[in-house]
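Respectively, the protein sequence lines represent chains A and B.
Numbering follows this note's numbering, in which position 149 of the first sequence is assigned residue number 181; successive positions increment by one, without gaps.
Numbering follows this note's numbering, in which position 524 of the second sequence is assigned residue number 587; successive positions increment by one, without gaps.
For every residue, glycine included, the Cβ atom is placed at its ideal position computed from N, Cα and C.
Quick caveat, the model's predicted, so the values are computed rather than measured.
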Amino acid sequence: MSTENRSQPTAGGFRPLRTRRQFLWEAGAGFPGLALTALLSAEGFFAKHGLFAAEPAASRKRPLEPRAAHFRAPARSCIFLYMYGGPSQMDLFDYKPELQKRDGQAVQMEIRRRSVQPSKLLASRRKFQRCGQSGLWCSDVLPNLSRHMDKLAVIKSLYADSFAHGSANLQMNCGRLLQGHPALGAWLGYGLGTLNENLPGFVVMLDPRGGPISGAANWASGYMPAAYQGTVFRSGGDPILNLSPSSGLPANVQREQISAVNALNAEHLKTRPGYSELDARIASYELAFQLQTAAPEALDVSQECARTRAMYGLDDPKTDHPLALGPSHFGRQCLIARRLVERGVRFVQIYSGGGHQQQNWDAHFSVEENLQIHGPEIDKPVSALLTDLAERGLLDETLVVWGGEFGRQPVSQGDKGGRDHNPKGFTYWLAGGGVKGGTSHGETDELGHEAVIDRHHIRDLHGTILHLLGLDYRRLTYFYGGLDQKLTGVEEAHVIHEILA
Amino acid sequence: MSNRAAPSRRKTRRPLDLTCILPWVRLGSLRMSSTRRWNSREGVLGPSGRRHLAVLLGLLGVLRQPGRADEPREKQLAAPAGAATAPRDADSGAVTPGAVKIDAQVVEFFETKVRPVLAGSCFECHGPTKQKSGLRVDSLQGLLDGGELGPAIVPGDPGASRLILGVSYVDSSFQMPPRAKLSDRQIEDLRTWVKMGAPWPGAGPKGDAGRSSAPRRGQEITALDREYWAFQPVRDPPPPAVRGADWCTSPLDRFLLAKLEAKDVVPNGPASPRELVRRAYFDLIGLPPPPEEVDAFGADPSPDAWARLVDRLLARPEHGERWARHWLDVVRYADSNGYERDDEKPLSWRYRDYVIRAFNEDKPYWRFVSEQLAGDELEDATAEAVAATGYYRLGVWDDEPDDARMAEFDYLDDILKTTGSAFLGLTVGCARCHDHKFDPIPQEDYYSLLAFIRNVSYQANPAYDFTSSAYSPFAPPAEVARWRKEDARKKKDLEARIAACAESNEKARLEADLKRLKETAPPFEWTLAVREDGPTAKATQVLIRGNAGSPGKDVVPAFLSVLGGERPSPPPAAAERASTGLRSVLGRWIGDPQHPLTARVIVNRVWQHHFGRGIVETSGDFGRSGFPPTHPELLDWLASRFIESGGSLKQLHRLILTSSAYRMSSSAADNAAALRADEGNQLFWRQSLHRLDAEAIRDSILAASGVLNGKMGGRGMFPRVGKEVLAGGSRPGLGWGVSSEAERSRRSIYVFVKRTMLDPFLEGFDYSNTAQPLDVRPVTTVAPQALTLLNSSFVDEEARSFARRLRREAGHDARAQVDRAYRLALARDPGDEERRIALDFLAHQERLFRDVPPELTFAPALPTAVASSFLAEHPAQEILQGPRDGWSYYRGRWGDGYEGIVFADLARGPFALWDPAEIVDARLDARFRIRPASEAAGFLLRARASKEGLFGYEVFIDLRTKRLSLRRHAEKSFKVLAEREAPIAAEQPIDLGFEARGGKVSLWLGSAPEPFLEADDSAPFSEAGRAGVLAWGSPLHVEDLRLRTGDKTWDIAGASRADAGSPADRALDAFARVVLNLNEFVYVD
């Protein structure tokens, strides 16, 4: 049993990281024997009841049990930086000289589904330059990130199926425009299991200004068991719902209560041998107890040195825009994301932007104002994340994904230079494990309205992410509703091989 | 599973037309991306499209005519002369295909501008190797024949040619080629070519005669399909002979026993009386038995004691609540629409209450089916029957669909899919875009079924009036019709009298009467219900690939082909009818006792909830991709009895529960032979030990603590939801509400089901999917469930109630308390060892609590950003929750709204004032502890609340910056009098002294004698005020709080915490929580 468990975390090139839990496994005590006994004896309580001395637990059905990948892949974790609202590609990475030339010209363009409207082109007010050896374009919205372009594979030709946030968010996260399907993180948990049972395998961190439209459906497990759904982590303090007692009990008092539950459950188990469910439930209390220490530890950024904290912008002031947060919030979340993947969390998704309109990247009112709010919030943090992961040798095994639910239109909306939604052509970038850095793939038309060269539906992006994590999107299926369901749906998807290292 | 394999149904390839395409086959296999890579290495700049063309032309030159690519580009791009000379069809303006005169120029144009584009961009998917959507474009014939979407070109008419529509990317749902848009030049060339009449050199003249009528291969229903077990009529097999007949108390047992005997397996013996009572209670009413009931049953020796118990439970109103919830899963019930706004569906609960009543009244199942599908169309329709049609309105509904045309069909699909799965156990929805891959359901069948509901109004109009698309009067339609007729008559009558009236006063009086009549609301309550767009059925077409933009063949309402495919004649037109009547035809077909699936499916669902697994394990899929029945004869026998009973579910329950099989023990340990032979219990040699579902766990906690509120029906209630969960919404809290404690103590079926924010307690215990039919809930065991039962405020509150009940019912003797706890929660006495553990625990906890001083806890209940409407529903003491007696709560200031969201102003956030004393010069001493997620805390002196904020002095502790400041609040503004950084650690007790004396404000920290901060306020408040507390982010725990003025001292904490109880009481609270966490509490044997 211990052999089986020791071998799990090394699959997929994972450098073993000794958690307390693993230590217990490796000590050969079996689970939950040692952990509980240690905990009980630490309390000097129940020792006389002589519990859990006997046999180790039988095989149990754990939904997050580690599973072998379909093939060896460089990435074992993924950090998805979700620019909620839809960032403006033609102001960030997708430089369009033709658009710059034709600022203000009248054009006809499909702005919402089958609604072609006369509009005026809006050139980017940002300065672009070619960066690094690869010469990839990046605008001055993200001066820090522009120094990392050689690490990125920028896909400029994605398209999706919805002009509306609600369904577009669902499609980007769950592959479908309709509610009720599992999110990417749930698929990864289902396909690969967890690397660290003391922490959730799928962590979501939200913007303090609110969640994204469609809310929790964006990190749902859909028709899969709830065990695969995303766990929302608060970035400070008590990170998980109900992690500590609502009444504020001191730890020793509560520990004893858990011990009593376990002791009485053990009595019950004696009369019902052979039921692995009951065993598993006893184990879940042990895990809950572990989680109470593991989760706050993972979030404790005070353990990081001053240089690291500064690099992520944790000490930076916010700009004076009333809706802006400055980099410290997203920076803290990026730093926590690094700590989480370091500890074996499979999938971390961080939302930049929350709520509505200018509170996120949804730049209807004014794209300039929007970028002034959100650009500085992510620039330093994302850049620091890439530096930090690289310095720690984690970038090779961590896939970083950046993008939103769609992009924006090259034409002006409103009288302050806003841009409307645009699912017909937008940009994502990937970096890290298995990604060919310094790549630009695909193109939108000369105005940036629509993907025209090497177009990829976002199911290709999903297929590629799964591929980079060692899963074949065609084989990763879950039988439900009479069908072998796939993240990429029934339509054919293609791995974007051009961006693979 | 082997039976999941799709039968091989390969498309028949059309014969290859090889006359002219051979060179192009090779070219077609060259991928666009490779040519592009070549191009970009060359670094050619300029508009991408041109580059493309050049490259293609270059390639072409290499392959076809060396040297051509060197010619000036302008010449190549020039449109050919003679393009407009093709003969045209007089009526349509279309050109007769192949009739264009093909001269050298046309050939050149075609070979340089058209064929390369088709070959390079289209052949890959629509060529000799693949024919996506059934389309080939490597010959003129292929283009003319077209594919599933119809002909690809109409020669001479680019506007009507799908090829041109696709390549010009005007419709974002149909764009070709999908990976890269062609260049404008290329598109223009194709357009020109079609306009020219689509000359294809070498194709020869072809008229309509050459046009094959593109065979659309419909799925053939084979004899094998028809012979599938689930499509056979229900049989009534005799119970088989068995050796151990004395084990059997019901013929049902013999079906199981026969299979067990065949494997030499002996079924388990009977469960203990206590186990039986508990099992029956949870299975039939979803609540734990009172211990007295267990005692009484154990002491009743009469042979019919069990049957009487079952009858009693079936007669309880809670039975309907229990079983309605199972049905609500199957029809994906919710109280909100889902998607972006996730608005409430008002009156959805009438449907939920209808289902509860239907089960309680034991409504014949056939009637239950037909009322949901067409209650409004039934001749004897009641108000209830109309509410039943809320069935059509339960699903997710997108009020801002990306594609409105598709959204209507998504909506109808959702209904059809649910109907197929809920009533028929068929995955009909799979045939929306193509023939079903496993079952004999051709796509045409799907649309023929859809035709029955095609007239259902799509646009949800929430108005409560007679034109509403989603609401109807909650009254018998006949009564409504009578009233409306009478109402119209009265109005007409009055109008006539007005017209005829000459006398002005009388006329005015009549006009006033008419006005009043028109303004009077109809005397009906309303219900969510189906509505149709009039009595005339809309035409229904097969949608090619499920695409609403690609209607195909017309279909008429028809039942599934594999079940005969009858096309029922539509009901005769009736002038006064509001609907087509087609739904009642569908309802009669599905609700026919002789339907091979309906009875089997429901009988299997009932079995599933009594044995933990259906006879068909996939209870919503009786097709080939589901599991076959483990006991087909038993399934049919049960269905026969069910049909015989007239569709009585209560009789079915009785039949199952009075069997020996149901009453078996669930032990897996006492029957080694059976365990060896059938570890997975496929043969039902034992009952199933299973975890309670989410609702039963929550309801059991309320029942044990003695606070369960049995009120039935009405709008859903809102449990308190943690701020972490609220924060996940884009407008946090929007659409959630605040319910009273009594409301919150109602059964879980009455919890408001908000699709984008499910109650986290229920969700955590696998409450699961509300978007799609859910036949079997998964059971997971994960750590967050343990955290919920250990730490959530719901369990905390209920554990205290449970402990209060124990003290009330068992007094203060620990042993009696433990025994009572076991009896109430587990319906048994504790064993000796258990009692010993429990008593040890109580003693030990009591000792620990002696060292843990009781604390005042101030717990903020909302996230920092929240929907303003949700905030408005909160009384201040629900925003900051803390001790009640002697404290008043204020919501504080909330920042400017943005898009309906407001933000807590942390510096003047929600606060609480202690009422008993008003002071001027005073000192407040506090010992407090903050939590890691705390954001702000504060203590107030000389404070007064105002509508917009507060007045008074404060020591404000900003826990994000770890800065302390002394402040003077003056309603909307505050002034920082002094500020300083301080080392403050979470979970560490902090001592603080805070004094206001005249304008001098001082703060002491820890035991240091010198003030940590001091300030002289130049404009001091002189009025008296109160002392208070502020907290945000996480609970603030205050262990000691004293207020001194002159020689008077108030021990505020001491006075306010009487309800925390003695150490012994607190130990019992803890034990009560332990009991609610036990495996045995959430598992049924």
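The three-state reading of DSSP puts Trp169/A in strand, counting E and B together.
Straight-line spacing of the CA atoms in His189/B and Asp508/B works out to 28 Å.
The beta carbon of Phe195/A sits closer than 9 Å to some beta carbon of chain B. For Leu987/B, the beta-bridge partners assigned by DSSP are Phe1057/B and Leu1106/B. Asn854/B carries a helical assignment under DSSP once its states are collapsed to helix, strand and coil. In the three-state DSSP reduction, Arg992/B falls in the strand class (E or B). Judged by their CB atoms, Ile982/B and Ala1090/B are nearer to each other than the 9 Å cut-off. Within the model, the alpha-carbon separation for Trp369/B versus Phe360/B is close to 8 Å. Interface flag for Lys183/A against chain B is unset, since no Cβ pair is found closer than 9 Å. Between the alpha carbons of Ile528/A and Leu184/A lies a distance of about 14 Å. The criterion of a C-beta distance shorter than 9 Å is satisfied by Gly345/A and Phe362/A. Taken through DSSP and simplified to helix, strand or coil, Arg157/A comes out as coil. Taking 9 Å as the threshold, the shortest C-beta distance from Gly683/B to chain A falls below it.
Cα atoms of Ser855/B and Ala600/B: separation of roughly 53 Å, rounded to the nearest angstrom. Residue contact with chain A for His716/B: absent (no Cβ-Cβ distance below 9 Å to any residue of chain A).
Around the C-beta of Gly960/B, fewer than 16 other C-beta atoms lie within 10 Å, and the residue is accordingly described as exposed. In the three-state reduction of the DSSP assignment, Phe172/B falls in the helix class, which pools H, G and I. Residue Leu209/A holds the alpha-carbon nearest to the alpha-carbon of Gly198/A among Ala192/A, Lys188/A, Leu209/A and Leu190/A.
Residue contact check for Arg266/A against chain B: a CB pair falls below 9 Å. Taking Ser316/A as reference, the option from Val293/A, Phe397/A and Asp347/A with the minimal CA-CA separation is Val293/A. Arg162/A sits in a strand when the DSSP states are folded into three classes. For Met141/A, there is no enclosing alpha helix (DSSP H); the residue is part of the beta strand (DSSP E) that begins and ends at Ala138 to Arg144. Taking a C-beta distance under 9 Å as the contact criterion, Gln441/A and Met115/A do not qualify as a contact pair. Straight through space, the alpha carbons of Leu1106/B and Thr1112/B are spaced by roughly 6 Å.
Beta-bridge annotation (DSSP): Cys110/A is paired with Phe379/A and Leu431/A. Annotation: the continuous beta strand (DSSP E) that includes Met237/A extends over Phe234 to Met237. Note on the stretch 170-202 of chain A: whole beta strand (DSSP E) runs with a minimum of 3 residues are 184-191, in chain order. Of the other Cβ atoms in all chains shown, fewer than 16 fall within 10 Å of the Cβ of Ser803/B; this residue is therefore exposed. At least one CB atom of chain A sits nearer than 9 Å to the CB of Thr490/B. Within 8 Å of the CB of Leu275/A, the CB atoms of chain B belong to Leu850 and Asn854, in sequence order along the chain. Closer than 9 Å to the CB of Leu357/A there is not a single CB belonging to chain B. Sorting Leu837/B, Lys408/B and Glu936/B by C-alpha distance to the C-alpha of Tyr527/B places Lys408/B at the top. Taken through DSSP and simplified to helix, strand or coil, Met115/A comes out as strand.
Taking the Cα of Gly436/A as reference, the smallest distance to any Cα among Leu417/A, Trp461/A, Leu426/A and Ala422/A is reached at Trp461/A.
At a cut-off of 9 Å, the C-beta of Phe781/B has no neighbouring C-beta in chain A. Under the 8 Å Cβ criterion, the stretch 839-858 of chain B counts as touching the stretch 815-825 of chain B, having at least three qualifying pairs.
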